[in-house]
Amino acid sequence: MKGSLIILSFFALGLLVGIYNMVPEHFSQNDYSIYALYILMFLVGIGVGSNKKSLSLIKSVNFKILLVPLSVITGTYIGVSVFSLLQDELSLIDSLAVGSGFGYYSLSSVLISEVSSDTLGVIALLSNITREIITLLLTPLFARYFGKLAPIASGGATAMDTTLPVITKYIGSDYAIISVFSGVVLTILVPVLITIIL
Amino acid sequence: MIIVLILMSFGIGIGWFLHKHKKFIKITSELTNWAIYLLLFLLGLSVGTNDEILNNFDEIGYQSIIITVFAVMGSVLVSWLCFTLFFKKDER
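As they're listed, the protein sequences go chains A and B.
Numbering-wise (the working numbering), the first sequence opens with residue -12 and increments by one.
Numbering-wise (the working numbering), the second sequence opens with residue 68 and increments by one.
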């Protein structure tokens, strides 16, 4: 939660600086952020490759455990597709891209704002933060009425870290490995799926 | 944008080779945080100078929440199906 607040305050700071025009003209006109994104993606790759969790989890792969992230992806895409049919502000492609954040709001928002538009980036930011908050708040409810995989599904990519404590509290620690596995797979897939979709 | 994926794969390879160097991993994760902070600051900056987004912020916020409700509902329901079909029988 502390990490989320730091991240949000940097966004808010940028927002304020932008609104009150505190930056030199040439800086706001040149887009340096694409290079920062390249560096970030390289660093994220190193993080994934060196992660002890992801290394040891490869050993636990079997057909059944793979179904968990697969149903999170399928369910999310069905949900956002229905959403895109019910309104005409966001297209199907845009909706799928926002859904592909799976709660990983920092990466999905900056990636989407580079590839698509700032508006969609902001939607990705707010939507994926909301996904984390919904998971933190409704995990007890999901676990009770929709089975032990429901909190993991709701958490998406965050099921490996920020929402893991509350998830394991309500579905039991024997599901912790599945939760981390699903979260790791989705985290790796976030940039891949967003790039493919947009 | 395929370059993003190439860079990431390149990073995964390097991370894989150097995963035993604790200091390197620590520096990388610290740098990752700062890259994210910088990018979100820049996103905030371009949003702050974009009147179209600022004027429609309530609409954008509303849409973001509704799409998330659909995304979460969809994934919870499909995972429920998956749980009922493949996991429940292992429960005591």
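Cβ atoms here follow ideal geometry from the backbone N, Cα and C, with glycine treated the same way.
Helix, strand or coil for residue i, going by three-state DSSP, please let me know.
i	result
residue 27(A)	helix
residue 126(B)	helix
residue 100(B)	helix
residue 50(A)	helix
residue 85(A)	helix
residue 116(B)	coil
residue 140(B)	helix
residue 75(B)	helix
residue 136(A)	coil
residue 156(B)	helix
residue 115(A)	helix
residue 159(A)	coil
residue 92(A)	helix
Which bits of chain C does residue i rub up against, with CB to CB less than 9 Å?
i	result
residue 122(B)	Absent from the structure is chain C; the protein chains it does hold are A and B.
Assuming residue i contacts residue j under a Cβ cut-off of 8 Å, what Cβ separation, rounded to an integer in Å, is found between them?
i	j	result
residue 10(A)	residue 112(B)	7 Å
residue 142(A)	residue 158(A)	Actually they are not in contact, since the Cβ atoms of residue 142(A) and residue 158(A) sit about 11 Å apart, beyond 8 Å.
residue 2(A)	residue 102(B)	Not really, about 19 Å apart at Cβ, beyond 8 Å.
residue 150(B)	residue 156(A)	Going by Cβ atoms, the distance from residue 150(B) to residue 156(A) rounds to 18 Å, so no, they are not a contact pair.
Buried or exposed for residue i, going by 16 or more other Cβ atoms inside 10 Å?
i	result
residue 84(B)	exposed
residue 70(A)	buried
residue 152(A)	exposed
residue 69(B)	exposed
residue 92(A)	buried
residue 8(A)	exposed
Within 8 Å: the Cβ of residue i and any heavy atom of the ligand MN?
i	result
residue 7(A)	Ligands displayed in this structure: none; no statement on the ligand MN is therefore possible.
Under a CB-based cut-off of 9 Å, is residue i close to chain B?
i	result
residue 75(A)	no
residue 39(A)	yes
residue 26(A)	yes
residue 63(A)	yes
residue 114(A)	yes
residue 135(A)	yes
residue 8(A)	yes
Quick check: is the beta carbon of residue i nearer than 9 Å to any beta carbon in chain A?
i	result
residue 90(B)	no
residue 155(B)	yes
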